[in-house]
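K.L.:
What follows is a single structure, and I will ask about it in a moment.
Numbering (the working numbering), first residue to last: 133 to 290.
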């Protein structure tokens with residue numbers, strides 16, 4: 133049995149993203165090319181065994197919310213979108229992403245989600261300072277759990 137979760141992110145982001153940040157975010161969402169330099173998530177360690185049998189760590193940047201197409205374990209499509217909208221004179225970004233995620237991906241994806249939480253519109257913040265990012269559910273469960281970030285760290289399911 134695979135440890136696959138459905139991850140659903142629904143956020144409005146404040147309009148304070150630089151062009152470099154937007155380019156990197158679009159790449160992470162599978163909506164644009166990879167920028168020359170990465171500033172949101174900067175290291176993507178990948179471990180493999182070299183020809184001499186010794187583990188080798190390499191940097192292998194991959195979009196973290198960029199899967200598109202049919203889900204492997206969850207029904208329906210995997211998608212990501214980012215739209216600019218004007219709201220009462222203040223621009224915001226509407227972000228939605230539905231992905232499959234394995235617990236091995238929680239750390240790197242958590243870096244991106246923590247960064248997003250810091251830029252989330254005030255309506256996503258709870259009284260305790262936590263930022264509601266969306267929800268997560270084990271692929272065989274019908275019950276989704278809220279996904280919350282506090283102080284830049286995501287509270288992943290155990």
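Glycine included, each C-beta is placed from N, C-alpha and C at the ideal position.
Using 10 angstroms around the beta-carbon of residue 177, count the other beta-carbons present and answer buried if the total reaches 16, otherwise exposed.
P.N.:
Looking up residue 177 in the chain shown gives position 45. Result: exposed.
K.L.:
Could you tell me if residue 229 is buried or exposed, where buried requires 16 or more neighbouring beta carbons within 10 angstroms of its beta carbon?
P.N.:
Here residue 229 corresponds to residue number 97 of the chain shown, with the count starting at 1. Buried, since its Cβ has 16 or more Cβ neighbours within 10 Å.
K.L.:
The alpha helix (DSSP H) spanning residue 239 covers which residue range?
P.N.:
Here the question's residue 239 lines up with position 107 in the chain shown. It spans 238–250 - the alpha helix (DSSP H) in which residue 239 sits, taken as one unbroken run.
K.L.:
Give the secondary structure of residue 146 by DSSP, where H, G and I count as helix, E and B as strand, and everything else as coil.
P.N.:
Reading the chain shown from its first residue, position 14 is the one you call residue 146. Three-state DSSP puts residue 146 in a strand.
K.L.:
My output table needs one value for residue 235: the three-state DSSP class, helix, strand or coil.
P.N.:
Looking up residue 235 in the chain shown gives position 103. In this structure, residue 235 counts as helix in the three-state DSSP scheme.
K.L.:
Pick out whichever of 227, 154, 190 and 168 has its Cα sitting closest to the Cα of residue 140.
P.N.:
For the purposes of this step, residue 140 is taken as residue 8 along the chain shown, with counting starting at 1. Comparing Cα-Cα distances from residue 140 to each of 227, 154, 190 and 168, the minimum goes to 227.
K.L.:
Would you call the stretch 157–164 in contact with the stretch 180–199, where contact means no fewer than 3 C-beta pairs closer than 8 Å?
P.N.:
Short answer: they touch.
K.L.:
Quick check: what's the CA-CA separation for residue 155 versus residue 173?
P.N.:
The residue you call residue 155 lines up with position 23 of the chain shown. The residue you call residue 173 lines up with position 41 of the chain shown. Approximately 13 Å, taken between the alpha carbons.
K.L.:
Output the distance between the C-alpha atoms of residue 149 and residue 287, rounded to the nearest integer angstrom.
P.N.:
The residue labelled residue 149 in the question sits at position 17 within the chain shown. The residue labelled residue 287 in the question sits at position 155 within the chain shown. Residue 149 and residue 287: Cα-Cα distance of roughly 24 Å.
K.L.:
In angstroms with no decimal places, state the Cα-to-Cα distance between residue 281 and residue 255.
P.N.:
Position 149 of the chain shown, counted from the first residue, corresponds to residue 281. Position 123 of the chain shown, counted from the first residue, corresponds to residue 255. Cα-Cα distance, rounded: 14 Å.
K.L.:
Mind reading off the beta-carbon distance from residue 296 to residue 188? Whole number of angstroms is fine, and I expect it under 8 Å.
P.N.:
Outside the displayed range of the chain (133 to 290) lies residue 296, so it cannot be described from this structure.
K.L.:
For a quick check, are the C-beta atoms of residue 242 and residue 285 less than 9 Å apart?
P.N.:
The residue labelled residue 242 in the question sits at position 110 within the chain shown. The residue labelled residue 285 in the question sits at position 153 within the chain shown. For residue 242 and residue 285, yes; Cβs fall inside 9 Å.
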